[in-house]
């Protein structure tokens, strides 16, 4: 860095933070949807359930899925509680999520 | 990530590197620039500004900020609960310098960070939401005079360093430390909010008919405090004829009705001219809250005629018994948070609704540690 006319430079600091947020990544993709229980998790927004149902209809038409399991996390502005997700994961093999304003 | 993408585009910029400052405990990466103007442009290029020039955060300035609040660089001021994002004293101080804060403002910034990272404030929700709330800071107590935080003429307007820079520091922390920006980031406000540049006021304690906000919220009068509130844009209104508390509150109610029934939390900003009528009649805050809670109400069919909320229109159409059901505007008397602020002249007051119908974010008050 070339100094200015006074022969000095200025040292300044990075204002950002590298946040180390742990994520589990995506679930393993199943080989087939045949016989699978499809979880439909809405965020409580107006059209989220409609969007998920429309996707489920397409899946049910194309694949021999077992059933749909519909839940609503009940608050669009906060994450689902861990126990809610634990219960949900017990009931389904595949999960779809939707935000639908 | 948007920030690294922005950085990658700026191939002419020198890289930030690990800081070698043997006399400090700062750990942030640093960069050497020719002068302040180059620093300002560098921060613009990196996407680290709110769109206005920033004060270059030198290690010396950041250290002074930390010392004013008696903080170590690695002290943790708060953890945003949803992302688990940590706000250290060092990063808060860097952004406070950038915002233009004096070192003596730092304790207010610290208390505001502590308050806004409480789970009930729902910082992540209010920041990323399409609804576009900003963080309103209300400062109370002796520190208001010490720091010359404006509570009077044009209280929401420009021209006061403490108001402008403390509020700006909070937004820069949200953008830079939590990484929640509206530029290719998670802030998805449909319209945004001018208060997202800066929104910090003090209560006009010399014109209060009752105790100041921080005393209502459990602190001593000799304490200083900051209250954070997830505010949508305020609606001002003039009421120059009414000269009793009841009629003034009736005027408030007319501006509150558009919020719809069952609203959870709203600030009413009472201007000094209106406040004088409450003082003359000896009213307290509880009376204000109770009056609005008890009198501001409509039948479901009346709400439906206003289209509030959309679902009541159907209920009123299909159920005549339901149509006559009376619904209060407010969820409870405590849903009203009265504050006094503004200039002596003019009968202009304001309502500021909370984000999410006042049900998903709650105002939080924190004492300011003024002992350094």
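Residue numbers (this note's numbering), protein chains in the order written: chain A, 1 to 101; chain B, 1001 to 1372. Beta carbons: idealized from backbone N, C-alpha and C, even for Gly. In this text, all values refer to a predicted model and were calculated from it rather than measured experimentally.
- For the C-beta of residue 4 (chain A), the chain B residues within less than 7 Å are, from N- to C-terminus, 1034 and 1035.
- Between the alpha carbons of residue 1371 (chain B) and residue 1115 (chain B) lies a gap of roughly 18 Å.
- Between residue 1192 (chain B) and residue 1132 (chain B), the C-beta spacing is below 7 Å.
- Put simply, the CB of residue 10 (chain A) is near chain B, with a gap under 7 Å to one of its CB atoms.
- Within chain A, no residue has its CB atom less than 9 Å from the CB of residue 1236 (chain B), the nearest being about 28 Å off.
- In the three-state reduction of the DSSP assignment, residue 1085 (chain B) falls in the strand class.
- Following the DSSP letters along the chain, one finds residue 58 (chain A) in no beta strand (DSSP E) but inside the alpha helix (DSSP H) bounded by residues 48-62.
- Proximity of residue 18 (chain A) to chain B, defined by a Cβ-Cβ separation below 7 Å, is not satisfied.
- Excluding its 5 nearest sequence neighbours in each direction, residue 1069 (chain B) has C-beta neighbours in its own chain below 6 Å: 1106, 1107 and 1110, listed in chain order.
- Going by DSSP, residue 95 (chain A) is part of the beta strand (DSSP E) stretching over 94-98.
- Within its own chain, the residues whose Cβ lies closer than 8 Å to the Cβ of residue 1283 (chain B), once the five positions on either side in sequence are excluded, are 1209, 1210 and 1245, listed in chain order.
- Among the CB atoms of chain A, none fall inside 7 Å of the CB of residue 1359 (chain B).
- The beta carbon of residue 1040 (chain B) lies closer than 6 Å to those of 1053 in the same chain, with the five residues before and after it left out.
- Remark: C-beta atoms of residue 1214 (chain B) and residue 1163 (chain B) do not approach each other more closely than 7 Å.
- Contact annotation: residue 11 (chain A) and residue 1151 (chain B) have beta-carbon atoms that are not nearer than 7 Å.
- In the DSSP assignment, residue 1226 (chain B) falls outside any alpha helix (DSSP H) and within the unbroken beta strand (DSSP E) covering 1225-1231.
- In the structure shown, the three-state DSSP call for residue 69 (chain A) is strand.
- In the three-state DSSP reduction, residue 39 (chain A) falls in the strand class (E or B).
- The C-beta distance from residue 52 (chain A) to residue 40 (chain A) rounds to 4 Å, short enough to meet the 8 Å contact threshold.
- Taking the Cα of residue 38 (chain A) as reference, the smallest distance to any Cα among A:28, A:60, A:50 and A:26 is reached at A:60.
- Within chain B, the residues placing a beta-carbon under 8 Å from that of residue 75 (chain A) are 1360, ordered along the chain.
- Residue 1367 (chain B) sits in a strand when the DSSP states are folded into three classes.
- Rounded to the nearest angstrom, the gap between the Cα atoms of residue 1268 (chain B) and residue 70 (chain A) is 41 Å.
- None of the residues of the stretch 41-57 of chain A has a beta carbon lying less than 7 Å from any beta carbon of chain B.
- Cβ neighbours of residue 1188 (chain B) within its own chain (closer than 8 Å, five residues either side excluded): 1128, 1129, 1130 and 1182.
- Chain order gives the chain A residues near residue 1026 (chain B) as 13, where near means a beta carbon separation below 8 Å.
- Residue-level contact check: residue 82 (chain A) does not touch chain B, since none of the beta carbons of chain B fall below 7 Å from its beta carbon.
- Taking the CA atoms as reference points, residue 1300 (chain B) sits about 6 Å from residue 1327 (chain B).
- Residue pairing of residue 11 (chain A) in beta bridges, as defined by DSSP: B:1032.
- The C-alpha of residue 16 (chain A) lies about 15 Å from the C-alpha of residue 1168 (chain B).
- Boundaries of the alpha helix (DSSP H) around residue 1111 (chain B): 1106-1116.
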